[in-house]
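Residue numbers (my numbering), protein chains in the order written: chain C, -1 to 201; chain E, -1 to 201. Below: the structure, in C-alpha cells.
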DNA sequence: GATAAAAACCCCCTTTAGGGGATACCAGAG
DNA sequence: CTCTGGTATCCCCTAAAGGGGGTTTTTATC
C-alpha cells in the first residue's frame, strides 16, 4: 500500500482527494497539511511515499518549497498538484525536484496513475501537461535569470534608475534589458509586459 | 433531500465534492459540468435546488455567467465557490444574483451549511468572506464603472490617446482618470497599477 | 435644495519610457 | 575554433507618463 501525504490550502479539495485516494484501494493518506509550516512539522513523522504538493500555498512559493523539501529529504517523491498549466511553472517545478505534475482539472484517474508512477520512482505528467511540454520550444517563453530578475523589479514599479541603483548596473543596461523583454514577450509597453508576466507566471 | 448541481472545471474537486455531499446525507448531486456550455445545456434538466458555481470557469467569467443564469432562471439559488477572497469579486457576484459565497479553502462543513442555507432561500457567506465583507468600507478599493473601464484599457497597453479615440473622450480626461487611479490604488506608476489591478481582481 | 460623488475637461512642466541603432566580453556547444 | 546566448554598456531622439494645479455638468442621495 502506497502512503500519501497531501499539502493544499483548499480544505474542500484535500477532503475530497482523501476520500478519492482511500476509495481507490491503491494508496492511503497518512497526512494532510494546509500550509508549508505544518508540512515541515509533520513530514518526518508521516514519511510518505508520495507527497501531493500544491504550488499555490499561502505561505511560500511552491517552487521554493519543493526545492527546500528535496534538499532536506532527497528520497521524497513530490507530485505537484496545481491550477497552473504554464510552461514556466512546470519547468521550474521539475528543475527543483518534482517527480510529477498534475493540474487540478486533470481526470481523477490521472491522480491515481500519478501516485503509482511517482511512488515507483518514475516521472509522471498528466495528459494536458505532457502535451504542453512536448510543444516546440519556440512556442514557450523562457527568460534568463537576469531577465526574470529585471521583470520582477519592473513589475514592482521601479524605474530604470532605481533598478540600476538596486543591482549596481548602468541605467542604460536596464533600458536594454527592458527593450529586450518587450521584444521577447511581444509586449507593446510596460503595462502589457507586467500583465503578461503575471498571466504567464514568469514572476 | 436537497438537489445540487456542481459546475467547476477542476475534475478532482468536483469528484471529491460529490462524494462529500452525498456522504453527508443532506443533499444529493444531480449534475456536474466542467464548463459553462455544458451547464447551459443541462441546467433545465437537472433543475437543482442549489447550483455550486465556480467563478474561474475556462469559457466565461463567473460574474457574467451568474448574471446570465439568474436572468434565465430567476428562482435558481447560486452558491459561488471560488479561490478568490477579494472584495470586488464577492461584491460583483452578489450584485449579479449569487445567494452565497464560499472560498475553496473554507471548511468542509461550511459547504454543507452553505447548501442548506441557500436551498432554504437564505443568504450564506463562509466565515472568511463574512469577515472580509464586514470590514469598514474604507479598507476596500471600489472603482466606478468608468474607472474600471479605464483600468482595463490601461492594462491592455493603450496610451491615453488611444483610449481617448476608443471611448470618444479627450486625452486630457483619460490623463485625469489615470492620475486618479494611481492615487486611489496607491500605485506609483502604470506597472504597479496593472499589477494591483490583477491582484485585487479589479479587471 | 444642499451635498457629494462621478464624469468630463484643460494647462504647465519634468521625468521616464520607448524606438533605433551599436559595441564588447565571456562561457559553453558544436 | 567559431557561433550562439547571456551579460553589460553607450548614444540619439521622440513619445508618453506623471505631478501639480484647476473648472463644469450631471446625477444620485439626504
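From the three backbone atoms N, C-alpha and C, an ideal C-beta is built for every residue, glycine too.
Per DSSP, residue 92 of chain C is one residue of the alpha helix (DSSP H) stretching across 85 to 93. Annotation: residue 12 of chain E is outside any beta strand (DSSP E); the continuous alpha helix (DSSP H) that includes it extends over 9 to 22. For residue 74 of chain E, there is no enclosing beta strand (DSSP E), since its DSSP letter is neither H nor E. What residue 109 of chain E touches in chain C, judged by beta-carbon distance under 7 angstroms, is 10, going in chain order. In the DSSP assignment, residue 159 of chain C falls within the alpha helix (DSSP H) that extends over 158 to 165. For the pair residue 127 of chain E and residue 2 of chain E, the CB atoms are not nearer than the 8 angstroms cut-off. Contact of residue 18 of chain E with chain C is assigned, a C-beta pair being separated by under 8 angstroms. Residue 79 of chain E and residue 72 of chain E have their alpha carbons spaced roughly 19 angstroms apart. The beta carbon of residue 68 of chain C sits closer than 6 angstroms to those of 95, all from its chain and outside the five residues before and after it, given in chain order. A straight-line Cα-Cα distance of about 35 angstroms links residue 6 of chain E and residue 187 of chain C.
Of all C-beta pairs linking the segment 28 to 48 of chain E to the segment 130 to 140 of chain C, fewer than three are shorter than 8 angstroms, placing the two stretches out of contact. In this structure, residue 201 of chain C places its C-beta atom within 8 angstroms of the C-beta atom of residue 146 of chain C. Taking 9 angstroms as the cut-off between beta carbons, the residues of the segment 143 to 164 of chain E near chain C are 152, 153, 154, 155, 156 and 157, in sequence order. Contacts between residue 186 of chain C and chain E, judged by CB atoms closer than 8 angstroms, involve 155 in chain order. Two segments are said to touch when three or more pairs of C-beta atoms, one from each, lie closer than 8 angstroms; by this definition the segment 49 to 65 of chain E touches the segment 84 to 103 of chain E. By the criterion of a C-beta distance shorter than 6 angstroms, residue 158 of chain E is surrounded in its chain by 169, 172 and 173, once the five residues flanking it on both sides are discounted.
Chain-ordered listing is empty here: chain C has no CB closer than 7 angstroms to the CB of residue 178 of chain E, the nearest sitting near 17 angstroms. Taking a C-beta distance under 8 angstroms as the contact criterion, residue 116 of chain E and residue 179 of chain E do not qualify as a contact pair. In the three-state DSSP reduction, residue 4 of chain C falls in the strand class (E or B). Between residue 151 of chain C and residue 164 of chain C, the beta carbon gap of about 7 angstroms places them in contact (Cβ cut-off 8 angstroms). With contacts defined by Cβ atoms closer than 8 angstroms, residue 125 of chain C and residue 108 of chain C form a contacting pair. Unbroken alpha helix (DSSP H) stretches of 4 residues or longer found wholly inside the segment 92 to 136 of chain E: 106 to 117 and 125 to 132, given in chain order. The beta-carbon of residue 171 of chain E is placed no less than 8 angstroms from the nearest beta-carbon of chain C. Within its own chain, the residues whose Cβ lies closer than 7 angstroms to the Cβ of residue 83 of chain E, once the five positions on either side in sequence are excluded, are 101, 126, 127 and 130, listed in chain order. Contact between residue 0 of chain C and residue 27 of chain C does not hold, since their C-beta atoms are separated by about 10 angstroms, which reaches or exceeds 8 angstroms. About 16 angstroms separates the CB atoms of residue 81 of chain C and residue 98 of chain C; that is not less than 8 angstroms, and the two are not in contact. As for any beta strand (DSSP E) of minimum length 3 sitting wholly inside the segment 28 to 55 of chain C, the runs are 48 to 52, ordered along the chain.
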